[in-house]
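Asks: One structure, pasted below without further comment.
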Amino acid sequence: MPGAIIPQYQRLGSSVPVSVIRRSLRPREKCLILLVFATLGIVVFWAFFYLPEYGKVSYQVQKAGADLLLPPSESKHGEAEDPHKRDDIEKLKIRIENDSDKVLDKPEVKRDSTERSLDQPEVIQASDPSKDLGENLIPRSRSPMLNGGEDRDDKSRERRNVVKKMMQHAWENYELYAWGKNELRPVTKRGHSASIFGSASLGASIIDGMDTLYIMGMDAEFQKGRDWIAHNLNLDNVSADLSVFETNIRFVGGLLTLFSFTGDSMYKDKAVHIADKLLPAFNTQTGIPLAIVNSRTGTSKNYGWASGGSSILSEFGTLHMEFTYLSDITGDPKYREKVDRIRDVIKKMDKPKGLYPNYIHPRSGKWGQAHMSLGALGDSFYEYLLKAWLQSNKQDVEARILYDDAMQAITEHMVRTSQGGLIYVSDMKFDRLEHKMDHLACFAGGLYGLGAKTQHNDQFSRHMEIAEGITNTCHESYSRSNTKLGPESFRFTDAIEAKALKSTEKYYILRPETVESYMIMWRLTKEQKYREWGWEVVQALERHCKVEGGYTGIKNVYSDDPQKDDVQQSFFLAETLKYLYLLFSDDNLISLDEWVFNTEAHPLPIKDVNPYYRAA
Ligand code: DMJ
Numbered sequence: 003m004p005g006a007i008i009p010q011y012q013r014l015g016s017s018v019p020v021s022v023i024r025r026s027l028r029p030r031e032k033c034l035i036l037l038v039f040a041t042l043g044i045v046v047f048w049a050f051f052y053l054p055e056y057g058k059v060s061y062q063v064q065k066a067g068a069d070l071l072l073p074p075s076e077s078k079h080g081e082a083e084d085p086h087k088r089d090d091i092e093k094l095k096i097r098i099e100n101d102s103d104k105v106l107d108k109p110e111v112k113r114d115s116t117e118r119s120l121d122q123p124e125v126i127q128a129s130d131p132s133k134d135l136g137e138n139l140i141p142r143s144r145s146p147m148l149n150g151g152e153d154r155d156d157k158s159r160e161r162r163n164v165v166k167k168m169m170q171h172a173w174e175n176y177e178l179y180a181w182g183k184n185e186l187r188p189v190t191k192r193g194h195s196a197s198i199f200g201s202a203s204l205g206a207s208i209i210d211g212m213d214t215l216y217i218m219g220m221d222a223e224f225q226k227g228r229d230w231i232a233h234n235l236n237l238d239n240v241s242a243d244l245s246v247f248e249t250n251i252r253f254v255g256g257l258l259t260l261f262s263f264t265g266d267s268m269y270k271d272k273a274v275h276i277a278d279k280l281l282p283a284f285n286t287q288t289g290i291p292l293a294i295v296n297s298r299t300g301t302s303k304n305y306g307w308a309s310g311g312s313s314i315l316s317e318f319g320t321l322h323m324e325f326t327y328l329s330d331i332t333g334d335p336k337y338r339e340k341v342d343r344i345r346d347v348i349k350k351m352d353k354p355k356g357l358y359p360n361y362i363h364p365r366s367g368k369w370g371q372a373h374m375s376l377g378a379l380g381d382s383f384y385e386y387l388l389k390a391w392l393q394s395n396k397q398d399v400e401a402r403i404l405y406d407d408a409m410q411a412i413t414e415h416m417v418r419t420s421q422g423g424l425i426y427v428s429d430m431k432f433d434r435l436e437h438k439m440d441h442l443a444c445f446a447g448g449l450y451g452l453g454a455k456t457q458h459n460d461q462f463s464r465h466m467e468i469a470e471g472i473t474n475t476c477h478e479s480y481s482r483s484n485t486k487l488g489p490e491s492f493r494f495t496d497a498i499e500a501k502a503l504k505s506t507e508k509y510y511i512l513r514p515e516t517v518e519s520y521m522i523m524w525r526l527t528k529e530q531k532y533r534e535w536g537w538e539v540v541q542a543l544e545r546h547c548k549v550e551g552g553y554t555g556i557k558n559v560y561s562d563d564p565q566k567d568d569v570q571q572s573f574f575l576a577e578t579l580k581y582l583y584l585l586f587s588d589d590n591l592i593s594l595d596e597w598v599f600n601t602e603a604h605p606l607p608i609k610d611v612n613p614y615y616r617a618a
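All residue numbers for the sequence shown refer to this note's numbering, where the first residue is 3 and numbers rise by one.
This is the structure in structure tokens:
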């Protein structure tokens, strides 16, 4: 028979006919082959992740972000783009970014194995500041954590949930009654705009609150906020007299954090848009900016009350972090040049006793009245000296030297201990101490601590003592009131300590500085008392400031039933609730090793350490 097949197995001694092998396989064999391929696949996949270059590859993927997965743009050589298509691409980008956050995981942070984590309690003996840190170093290698980060401790988890509920209550009501306005009036349930924002509705609470939403995992609210910013935040047709300082710390700072968190270029573009509106204020003889700028005309001026038309130390001295970061992510040096010029002016000036007066004249470059303060008008200038150094990954050594010198002078001339043993920072006016401390100065507990823990020198133990002392004093100012909330200013006299005297000093407007120091000191020392004190604040806020329509400030902390001021400040969302939430979280959530908070509590990434820096 033609084509008759002699079974091959009869020739080869095989148990399987060759003809059968060629055409079909038995199910068991199919499985075996599948298994081999699957194993190969898994090996190749894992090899990719464990190759020494993974950090780089993954980082590049993260840096490219959504662009890697998006179709190439069709618009070439200046051809007009279809705005709808652009919108769709933007939306797609966000989704890819969000998904990649969840699926791809964040880029690995490469750490020097000799680096000590800030989040670890200090183990060096204060009496031996020169002791080599080597044995206490903790090698770590992980990705920055932006949300999640539950603490292992049950009680802290429950407390953190309470704080998240507070944020939900504050946000929901803002959304309901004041959406797009700057702030909420929670009692009368309507919008509010403080003079610092001018009369325009710029959604200050949205921009200030967004990173807190992100950290708390409030995704739906975050998405709605993003849409509002994308479609409504535009100063081109608005004529508003803006505070350069407030606009920078809340709007520019807030948007920069959002860009860093998400990689969404919309936030970067908006930050540039807003910062550019501030630039005319820098056109002075010295480069020291004026306080107020009109968003349409660029006309700028200083406050009439500020020492003969002076600029204010805490205002022109609180731009450095945002402006240098803006230059790094845009590749445009013009922002950094502005703040470098300010630095050049102040570093060359003679300082009375090494102290910085609160006022400087932007034309002559001379100091105004010799008032010095770590509270109102001075505060965040000192904060930004330390933080500019931290943000630069300690490369901006000049900033650290200026910080050390300034704090040495303040420690010597303005820090005092009361008869009752409370450490405080007094104000100074023309060589005389005014034994009063502002609530604003309560951030100094955290500042001294952060400064001490990030560079050990002969001031280490004294600065840690002051850090703990100031934080304790601010806690006393809270616990000595009927409401357990702290007054706007408190005094130290023969008769009273850590209490307000005048009625204009007795209000509490949801300020964050005390809980800011609790959070920082908790992370630096791991002393349980800071968490307990934070919880006391949560309870007091719930008792005296919570109303049906949100959270309000109160007019007298010493009253059992205080009058309400009917303002939910945007910094309550940006700072007070964020710091409380982080106080009850794991230290890895917005780690102090990777982030540095701007003065409005918007975390900015540390250069060369944090892959979310996203430099251009
Ligand atoms: C915030 O806007 C910032 O913390 C600023 O540095 C000082 N004042 C408020 C909060 O009190």
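Every residue gets a Cβ at the ideal spot worked out from N, C-alpha and C, and that includes glycine.
State yes or no: is the C-beta of Leu315 within less than 8 Å of the C-beta of Leu379?
Replies: On the sequence shown, residue 315 is found 313 positions in, with the first residue counted as 1. On the sequence shown, residue 379 is found 377 positions in, with the first residue counted as 1. Taking 8 Å as the Cβ cut-off, Leu315 and Leu379 qualify as a contacting pair.
Asks: Give every residue of the same chain whose Cβ lies closer than 8 Å to the Cβ of Arg88, excluding the five residues on either side of it in the sequence, and list them in chain order.
Replies: Locating residue 88 in the sequence shown gives position 86, where the first residue counts as 1. Note that Arg88 has pLDDT 41, beneath the 50 cutoff, so the model's placement of it is unreliable and the number below is only indicative. There are no such residues.
Asks: What residue does the alpha helix (DSSP H) around Phe586 start on, and which one ends it?
Replies: As a first step, residue 586 is located in the sequence shown; it is residue number 584 there, counting from the start. Unbroken run through Phe586: none, as it is neither H nor E.
Asks: Would you say the beta carbon of Thr601 comes nearer than 7 Å to a heavy atom of the ligand DMJ?
Replies: As a working mapping, residue 601 is identified with position 599 in the sequence shown. Correct: Thr601 has its Cβ closer than 7 Å to the ligand DMJ.
Asks: Measure the Cβ-Cβ separation of Pro489 and Val539 and say whether it is below 8 Å.
Replies: Numbered from its first residue, the sequence shown carries residue 489 at position 487. Numbered from its first residue, the sequence shown carries residue 539 at position 537. No, the pair does not count as a contact, with Cβ atoms beyond the cut-off.
Asks: Between Met386 and Tyr614, what straight-line distance do the alpha-carbon atoms span, to the nearest angstrom?
Replies: Reading the sequence shown from its first residue, position 384 is the one you call residue 386. Reading the sequence shown from its first residue, position 612 is the one you call residue 614. Here the sequence assigns Tyr to residue 386, which means Met is not the residue at that position. Going by the C-alpha atoms only, they are around 20 Å apart.
Asks: Comparing the CB of Asp440 with every heavy atom of the ligand DMJ, is any distance shorter than 7 Å?
Replies: Position 438 of the sequence shown holds residue 440. No - the ligand DMJ has no heavy atom lying nearer than 7 Å to the Cβ of Asp440.
Asks: Give the DSSP-derived three-state secondary structure of Glu223 in the structure shown.
Replies: Position 221 of the sequence shown, counting from 1, holds the residue named residue 223. In this structure, Glu223 counts as helix in the three-state DSSP scheme.
Asks: Taking 8 Å as the threshold (C-beta atoms), are Phe586 and Ser158 in contact?
Replies: The residue given as residue 158 occupies position 156 in the sequence shown. The residue given as residue 586 occupies position 584 in the sequence shown. Yes; because the gap between Cβ atoms is below 8 Å, this pair is in contact.
Asks: Only counting the same chain, and skipping five residues up and downstream in sequence, which positions put a Cβ closer than 8 Å to that of Leu442?
Replies: The residue you call residue 442 lines up with position 440 of the sequence shown. Closer than 8 Å at the Cβ level, and outside the excluded window around Leu442, lie Gly377, Ala378, Asp381, Arg513 and Glu515.
Asks: Taking the straight line between their C-alpha atoms, what separation do you get for Trp369 and Ser145?
Replies: Start at 1 with the first residue of the sequence shown, and residue 369 comes out as number 367. Start at 1 with the first residue of the sequence shown, and residue 145 comes out as number 143. The C-alpha of Ser145 is placed about 45 Å away from the C-alpha of Trp369.
Asks: Rounded to whole angstroms, what is the Cα-Cα separation between Glu1 and Asp271?
Replies: Outside the modelled stretch of the chain, which goes from 3 to 618, sits residue 1, for which no answer is possible.
Asks: Quick one: what does DSSP say Arg482 is sitting in, helix, strand or coil?
Replies: Taking the sequence shown and counting its residues from 1, one reaches residue 482 at position 480. Coil at Arg482, not helix or strand.
Asks: Could you check which residue in Pro354, Leu215, Gly219 and Trp391 has the C-alpha nearest to that of Asn600?
Replies: One-based indexing of the sequence shown puts residue 600 at position 598. Cα-wise, what sits closest to Asn600 is Trp391.
Asks: State buried or exposed for Ile35, treating a residue as buried only when at least 16 other CB atoms are found within 10 Å of its CB.
Replies: Working through the sequence shown from its first residue, we reach residue 35 at position 33. Exposed, since its Cβ has fewer than 16 Cβ neighbours within 10 Å.
Asks: Measuring alpha carbon to alpha carbon, tell me which of Lys438, Gln410, Met523 and Thr473 ends up nearest Glu507.
Replies: In the sequence shown, residue 507 corresponds to position 505, counting from 1. Nearest in C-alpha terms to Glu507, of all of Lys438, Gln410, Met523 and Thr473, is Lys438.
Asks: If contact is defined by three or more beta carbon pairs under 8 Å, each pair taking one atom from either stretch, is the region 452-460 in contact with the region 424-436?
Replies: no
Asks: Taking contact to mean 3 or more Cβ pairs, one atom from each stretch, closer than 8 Å, check whether the region 220-235 and the region 573-585 are in contact.
Replies: no
Asks: For Asp330 and Ala617, which I take to be in contact (beta-carbon distance under 8 Å), what is that distance rounded to the nearest angstrom?
Replies: Along the sequence shown, one-based indexing puts residue 330 at 328. Along the sequence shown, one-based indexing puts residue 617 at 615. Yes, they are in contact, since the Cβ atoms of Asp330 and Ala617 sit about 5 Å apart, within 8 Å.
Asks: Helix, strand or coil for Asp610 per DSSP?
Replies: Along the sequence shown, read from residue 1 onward, the residue named residue 610 stands at position 608. Three-state result, Asp610: coil.
Asks: State the start and end residues of the unbroken alpha helix (DSSP H) segment that holds Arg389.
Replies: Residue mapping note: residue 389 aligns to position 387 of the sequence shown, counting from 1. Going by the sequence as given, residue 389 is Lys instead of Arg. Looking at the DSSP string, the run of the alpha helix (DSSP H) that includes Lys389 is Asp381 to Gln393.
Asks: Excluding five sequence neighbours on each side, which residues of the same chain lie with their C-beta closer than 6 Å to the C-beta of Ala202?
Replies: Position 200 of the sequence shown holds residue 202. So the list reads Val240 and Ala242, once near-sequence residues are dropped.
Asks: Determine contact between the region 299-318 and the region 280-290, defined as no fewer than three beta-carbon pairs at a distance below 8 Å.
Replies: yes
Asks: Classify Val611: buried if its beta carbon has 16 or more other beta carbons within 10 angstroms, exposed otherwise.
Replies: Position 609 of the sequence shown holds residue 611. Val611 should be labelled buried.
Asks: Which residue comes first and which comes last in the alpha helix (DSSP H) that contains Glu515?
Replies: Sequence index remark: in the sequence shown, residue 515 carries index 513 (1-based). It spans Glu515 to Thr527 - the alpha helix (DSSP H) in which Glu515 sits, taken as one unbroken run.
Asks: Among Val517, Tyr480 and Ile522, which residue has its Cα nearest to the Cα of Ala502?
Replies: If you number the sequence shown from 1, residue 502 lands on position 500. When each option's Cα is compared against that of Ala502, the closest is Tyr480.
Asks: I'd like to check one pair, Ala273 with Val254: are the Cβ atoms closer than 8 Å?
Replies: Position 252 of the sequence shown holds residue 254. Position 271 of the sequence shown holds residue 273. In this structure, Val254 lies near Ala273, with their beta-carbon atoms less than 8 Å apart.
Asks: Measuring from the CB of Asp213, is there a heavy atom of the ligand DMJ at a distance below 7 Å?
Replies: Taking the first residue of the sequence shown as 1, we reach residue 213 at position 211. Asp213: no, Cβ never under 7 Å from the ligand DMJ.
Asks: Taking three-plus beta-carbon pairs below 8 Å as touching, is the region 589-609 in contact with the region 530-548?
Replies: no
Asks: If we count the other Cβ atoms within 10 Å of its Cβ and call it buried at 16 or more, is Val165 buried or exposed?
Replies: Walking along the sequence shown from the start, residue 165 turns up at place 163. By the 10 Å Cβ count, Val165 comes out buried.
Asks: So for Glu117, helix, strand or coil by DSSP?
Replies: The count along the sequence shown starts at 1 and reaches residue 117 at position 115. Per-residue confidence for Glu117 stands at a pLDDT of 41, beneath the threshold of 50, marking its modelled position as unreliable; the derived number appears in the next sentence. Reduced to three states, the DSSP call for Glu117 is coil.
Asks: Counting only the same chain and skipping the five closest in sequence on each side, list residues whose C-beta sits under 6 Å from that of Tyr176.
Replies: Position 174 of the sequence shown holds residue 176. Excluding sequence neighbours, Tyr176 sits near Leu186 and Ser207.
Asks: With hydrogens ignored, establish whether the beta-carbon of Ser267 is closer than 7 Å to any heavy atom of the ligand DMJ.
Replies: Here residue 267 refers to the residue found at position 265 when the sequence shown is read from its first residue. Because no heavy atom of the ligand DMJ lies under 7 Å away, the Cβ of Ser267 does not count as near it: no.
Asks: When the Cα of Gly448 is compared with those of Val517, Met416, Lys226 and Arg493, which residue comes out closest?
Replies: On the sequence shown, residue 448 is found 446 positions in, with the first residue counted as 1. Of the candidates Val517, Met416, Lys226 and Arg493, the one whose C-alpha sits nearest the C-alpha of Gly448 is Val517.
Asks: Answer yes or no: do Thr190 and Asp568 have a C-beta to C-beta separation smaller than 8 Å?
Replies: In the sequence shown, counting from the first residue as 1, residue 190 sits at position 188. In the sequence shown, counting from the first residue as 1, residue 568 sits at position 566. Yes. Within cutoff.
Asks: Taking 8 Å as the cut-off, decide whether the C-beta atoms of Phe318 and Arg338 are in contact.
Replies: Taking the first residue of the sequence shown as position 1, residue 318 is located at position 316. Taking the first residue of the sequence shown as position 1, residue 338 is located at position 336. Not closer than 8 Å, so no.
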